[in-house]
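**Student:**
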Amino acid sequence: MNDRSFRPLLSRRRLLTATSALAFAALVATAGVTPALAEGGAHDGGDVVFLIDSLGDTWIPNNSAISSFQGHIWGHVTDKLLYVDADGKVSPWIAERWEQNENATEFTLHLKTGVTFSDGSPLDAAAVVANLDIWYAGRKSEGINPIGLFPKTYDHAEAVDATTVKVFFKKPTLGFIPTLGYHGSILISPKTIASPASAQADLSKTSGSGPYVVESWKEGDYVKLAKRKDYNWGPAAVGQTGPAHLDTITYKLVSEPSLRVAAVQSGQADVAYNASPQELESLKSEGLTVATPRYLGFVNGWAVNTKLAPYDDVKVRQALQAGINRQEIIDTVYTPDWKLATSFTQSNVPGATDQSAHLAYNPEKAEKLLDEAGWKKGSDGIRVKDGKPLLLTLNSNPYLATSKSIDELISQQLGKIGWKVQILAYDVVTFGQKVKYGGAGVPAYEVTRSFIDAGTVASILTNANNGENWFALDESDKTLNDLRDKIAGAGSIEARKPVLDELQKYVLDQGYFIPRTQIVQRIYVQSPELKGEVYNGVAYASYYTATKSE
610 MNDRSFRPLL SRRRLLTATS ALAFAALVAT AGVTPALAEG GAHDGGDVVF
660 LIDSLGDTWI PNNSAISSFQ GHIWGHVTDK LLYVDADGKV SPWIAERWEQ
710 NENATEFTLH LKTGVTFSDG SPLDAAAVVA NLDIWYAGRK SEGINPIGLF
760 PKTYDHAEAV DATTVKVFFK KPTLGFIPTL GYHGSILISP KTIASPASAQ
810 ADLSKTSGSG PYVVESWKEG DYVKLAKRKD YNWGPAAVGQ TGPAHLDTIT
860 YKLVSEPSLR VAAVQSGQAD VAYNASPQEL ESLKSEGLTV ATPRYLGFVN
910 GWAVNTKLAP YDDVKVRQAL QAGINRQEII DTVYTPDWKL ATSFTQSNVP
960 GATDQSAHLA YNPEKAEKLL DEAGWKKGSD GIRVKDGKPL LLTLNSNPYL
1010 ATSKSIDELI SQQLGKIGWK VQILAYDVVT FGQKVKYGGA GVPAYEVTRS
1060 FIDAGTVASI LTNANNGENW FALDESDKTL NDLRDKIAGA GSIEARKPVL
1110 DELQKYVLDQ GYFIPRTQIV QRIYVQSPEL KGEVYNGVAY ASYYTATKSE
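Okay, here's the thing in structure tokens:
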């Protein structure tokens, strides 16, 4: 590994006053790179600086691969068995083809030959089995967690030969194949998997098979990736299989959004992550590239804790559902790039159906439901029952830059109906420690969660097969459990579709999940010199295919 490190960006004062040309020259000098230009401006070579607002709290692959921030790095350092695009289409990658039996309990994966990890070991059937096992079970005693969305019905996998893997499930698991393209399902070398958690937490010691390797990194500061020149197994779906074009990609931590954007405006950086939505139109008019890809997954909304009063009352939950003006959120906080929620899943998810009728803003209905539930308005406008105010505590999700702004707007909307809303905000690390689904002080957990296949949803919502039990229902709701079991037991996509539709209607009608908007969690402001990036099914930008012109 090269020990060349990435030096800090210019001071804020110089950043905001330097011309683009001088600032870009300064960045090139500090990074120690010399772009190799080719005819027409675009070239093989060049260096990209990506400014990001967090780098998370651990680099243990199973723990951090689902982080909204660290997934950017893992997407370049590692590969996946399958590729999933923004429309949910699954295509070959490391697995060239696959088969399944009639009831979706056995799958056979056929692997590409000649693929290697950066430590030199082969990405063969034995390596895939080792990855499947760790995704399913983790090593919890060491602090290595299972991947949250990997099917809980997994039984075992076998290496039939060097390029063939058979995978067995205890029950039908239609979602297995698409989930192999989920951004948590990253392939790392068996040597890395066998190493202790303390070694896995050192990013420089993790070996993937991706188009880039970690050249250098500093905790809480930056990660610099360098092109792997022998890479030759990219997914055909992105139009490229050989080595990347860009020499290096540096992910640099800059916490202030305005500073990230100003660096791109002045030419000191190439990409600013998570800019304010209100800035996007003006940034486009300046000639910057703006991307707001939607991922496959849940909409932004709340999973309601039914064990906490008063949210154990269906009428209170239904009042909450009817009391939110979702169009006002789009009009006030966002831009036309954002879409209204039509279910609790994004509308681009295969199997999502339009449930808009259950999400209509109806404050009169909300007031009537709260009256029926015994919540009466006091002189201050706050509803009270048995001497207690109608309280909703919201924990703004730090993974979504606009979360607190939405909470503040909803607080005003619900306040007119009689809610007292308390808003708490934490950084990424503290949020992860304090805020949990079904937590004693968490009546509504804000979801910003991607998934690849809608069939995984049912087990997430309940506690079946070690599911996440989002609504703290355990096994108490027979209707939900029956829908879950029918979805899990479906042997085909066609058989599953009507049951998924019924599940969406039921969850929304019961007020278990309160959608806010379809989510654009990852906002990119980019230099026009950088072109050719690809956004996958979970809205990560891959610069594997990108080029940079002068």
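If you count the sequence shown from 1, you need to add 609 to reach my numbering.
Where is the CB? At the ideal position from N, CA and C, for every residue including glycine.
Fair warning: this is a prediction, and the values are worked out from it, not measured in the lab.
1) For the structure I just gave you, are there three or more beta carbon pairs, one from the region 853-869 and one from the region 1147-1158, closer than 8 Å?
2) Does Q877 pass the burial test, meaning 16 or more other C-beta atoms within 10 Å, or should it be called exposed?
3) In chain order, which alpha helix (DSSP H) runs of at least 4 residues are fully inside the region 731-795?
4) Under a three-way DSSP split, which group does E1103 fall into?
5) Measure the C-alpha to C-alpha separation of D980 and R926 and round it to an integer number of angstroms.
6) With C-beta atoms as the reference, is Y943 less than 8 Å away from P902?
7) Have a look at L949, V774, R1125 and I797 and flag the residue whose alpha-carbon is nearest the alpha-carbon of W744.
8) Within a Cβ cutoff of 7 Å, which residues of the same chain sit near S864, ignoring the five residues on either side of it in sequence?
9) Is Y821 closer than 8 Å to H681 when the C-beta atoms are compared?
10) In this structure, how does DSSP classify A1010 when only helix, strand and coil are distinguished?
11) Is it true that the CB of T951 sits closer than 8 Å to the CB of Q936?
12) Which residues mark the beginning and the end of the alpha helix (DSSP H) in which E1055 is found?
13) Hey, out of T954, L1003, T772 and A808, whose CA is closest to T717's CA?
14) Using the rule of at least 16 other Cβ atoms within 10 Å of the residue's Cβ for burial, across every protein chain shown, is A1049 buried or exposed?
15) Enumerate, from N- to C-terminal direction, the unbroken beta strand (DSSP E) stretches of 3 or more residues contained entirely within the region 792-862.
16) Using beta-carbon positions only, say whether S795 and G817 come within less than 8 Å of one another.
17) Y1046 and A912 look like a contact to me (Cβ under 8 Å); what is the Cβ gap, rounded to whole Å?
18) State whether the region 835-845 contacts the region 704-715, with contact taken as three or more CB pairs (one from each stretch) at a distance under 8 Å.
19) Just to confirm before moving on: does the CB-CB distance between G784 and T1065 stay below 8 Å?
20) Taking the alpha helix (DSSP H) that W683 belongs to, which residues open and close that run?
21) Looking only at its chain, what residues have a beta carbon closer than 7 Å to the beta carbon of G684, apart from the 5 residues adjacent to it on each side?
22) Just to confirm before moving on: does the CB-CB distance between Y1008 and T1039 stay below 8 Å?
23) May I ask which residues mark the beginning and end of the alpha helix (DSSP H) holding N1070?
24) Who are G1048's beta bridge partners in DSSP?
25) Can you say whether G848 is buried or exposed, counting buried as having 16 or more other CB atoms within 10 angstroms of its CB?
26) Using the Cα positions of V923 and S1014, report the straight-line distance between them to the nearest angstrom.
27) Buried or exposed: which applies to N710, given that a residue is buried once 16 or more other Cβ atoms fall within 10 Å of its Cβ?
28) Please tell me whether K948 and Q1130 are closer than 8 Å, where the distance is taken between their beta carbons.
29) Could you tell me the alpha carbon to alpha carbon distance between A1034 and T722, rounded to whole angstroms?
30) Helix, strand or coil for L999? Go by DSSP, reduced to three states.
31) Compute the Euclidean distance between the alpha carbons of F1122 and A713, then round it to the nearest angstrom.
32) So, at 6 Å on beta carbons, what are the nonlocal neighbours of K814 in its own chain, with the 5 sequence-adjacent residues on each side left out?
33) Buried or exposed, going by whether 16 or more other CB atoms sit within 10 Å of the CB of V769?
**Tutor:** In short, the structure shows the following:
1) These segments touch.
2) Residue mapping note: residue 877 aligns to position 268 of the sequence shown, counting from 1. Per the 10 Å Cβ criterion, buried.
3) Complete alpha helix (DSSP H) runs here, min 4: 734-746 and 785-788.
4) As a position in the sequence shown, residue 1103 is number 494, starting the count at 1. Looking at E1103 - three-state DSSP - the assignment turns out to be helix.
5) The sequence position of residue 980 within the sequence shown is 371, counting from 1. The sequence position of residue 926 within the sequence shown is 317, counting from 1. Between the alpha carbons of D980 and R926 lies a distance of about 13 Å.
6) Counting from one through the sequence shown, the residue named residue 943 turns up at place 334. Counting from one through the sequence shown, the residue named residue 902 turns up at place 293. Contact: no.
7) Within the sequence shown, numbered from 1, the residue matching residue 744 stands at position 135. Measuring from the Cα of W744, the nearest candidate turns out to be I797.
8) The count along the sequence shown starts at 1 and reaches residue 864 at position 255. Around S864: D662.
9) On the sequence shown, residue 681 is found 72 positions in, with the first residue counted as 1. On the sequence shown, residue 821 is found 212 positions in, with the first residue counted as 1. Using a Cβ distance threshold of 8 Å, H681 and Y821 do not count as a contacting pair.
10) Position 401 of the sequence shown, counted from the first residue, corresponds to residue 1010. In the structure shown, A1010 sits in coil (DSSP, three-state: anything other than H, G, I, E or B).
11) Here the question's residue 936 lines up with position 327 in the sequence shown. Here the question's residue 951 lines up with position 342 in the sequence shown. When the beta-carbon positions are compared, Q936 and T951 stay at least 8 Å from each other.
12) In the sequence shown, counting from the first residue as 1, residue 1055 sits at position 446. Segment A1053 to V1056 is the beta strand (DSSP E) holding E1055; no alpha helix (DSSP H) there.
13) As a first step, residue 717 is located in the sequence shown; it is residue number 108 there, counting from the start. When only C-alpha atoms are compared, the closest one is T772.
14) Walking along the sequence shown from the start, residue 1049 turns up at place 440. With fewer than 16 other Cβ atoms within 10 Å, it is exposed.
15) For the region 792-862, whole beta strand (DSSP E) runs of length 3 or above, ordered along the chain, are 821-827, 831-836 and 857-862.
16) Within the sequence shown, residue 795 is the residue found at index 186, counting from 1. Within the sequence shown, residue 817 is the residue found at index 208, counting from 1. A quick correction: the sequence has Ile, not Ser, at residue 795. In contact: I795 and G817 (Cβ atoms closer than 8 Å).
17) The count along the sequence shown starts at 1 and reaches residue 1046 at position 437. The count along the sequence shown starts at 1 and reaches residue 912 at position 303. At roughly 6 Å, the Cβ-Cβ gap stays under 8 Å, so Y1046 and A912 are in contact.
18) Counting Cβ pairs under 8 Å, fewer than three are found: no touch.
19) Locating residue 784 in the sequence shown gives position 175, counting from the first residue. Locating residue 1065 in the sequence shown gives position 456, counting from the first residue. Inclusion of G784 and T1065 in the CB contact set at 8 Å is warranted, their separation being smaller than that value.
20) Taking the first residue of the sequence shown as position 1, residue 683 is located at position 74. Residues Q679 to V686.
21) As a first step, residue 684 is located in the sequence shown; it is residue number 75 there, counting from the start. Same-chain partners within the cutoff: H792, Y1149 and S1151.
22) By 1-based counting over the sequence shown, the position of residue 1008 is 399. By 1-based counting over the sequence shown, the position of residue 1039 is 430. No, these two residues do not count as a Cβ contact at 8 Å.
23) Locating residue 1070 in the sequence shown gives position 461, where the first residue counts as 1. Here residue 1070 is Leu; the residue named in the question, Asn, does not match the sequence. Here the alpha helix (DSSP H) through L1070 covers V1066 to L1070.
24) Locating residue 1048 in the sequence shown gives position 439, counting from the first residue. DSSP lists no partner for G1048.
25) As a working note, residue 848 is residue 239 in the sequence shown. Exposed, since its Cβ has fewer than 16 Cβ neighbours within 10 Å.
26) Your numbering for residue 923 matches position 314 in the sequence shown. Your numbering for residue 1014 matches position 405 in the sequence shown. In this structure, the straight-line span from the alpha carbon of V923 to that of S1014 is close to 27 Å.
27) Taking the sequence shown and counting its residues from 1, one reaches residue 710 at position 101. Classification for N710: exposed.
28) Along the sequence shown, one-based indexing puts residue 948 at 339. Along the sequence shown, one-based indexing puts residue 1130 at 521. Result no, Cβ atoms of K948 and Q1130 do not sit closer than 8 Å.
29) The residue labelled residue 1034 in the question sits at position 425 within the sequence shown. The residue labelled residue 722 in the question sits at position 113 within the sequence shown. Between A1034 and T722, the C-alpha separation is close to 49 Å.
30) Position 390 of the sequence shown holds residue 999. In this structure, L999 counts as coil in the three-state DSSP scheme.
31) Indexing the sequence shown from 1 puts residue 1122 at position 513. Indexing the sequence shown from 1 puts residue 713 at position 104. Cα-Cα distance, rounded: 29 Å.
32) The sequence position of residue 814 within the sequence shown is 205, counting from 1. Within the same chain, Cβ atoms closer than 6 Å to the Cβ of K814 are found at A808, the five residues on either side in sequence being excluded.
33) Position 160 of the sequence shown holds residue 769. Burial is judged here by how many other beta carbons sit within 10 angstroms of a residue's own beta carbon; V769 has fewer than 16 and is exposed.
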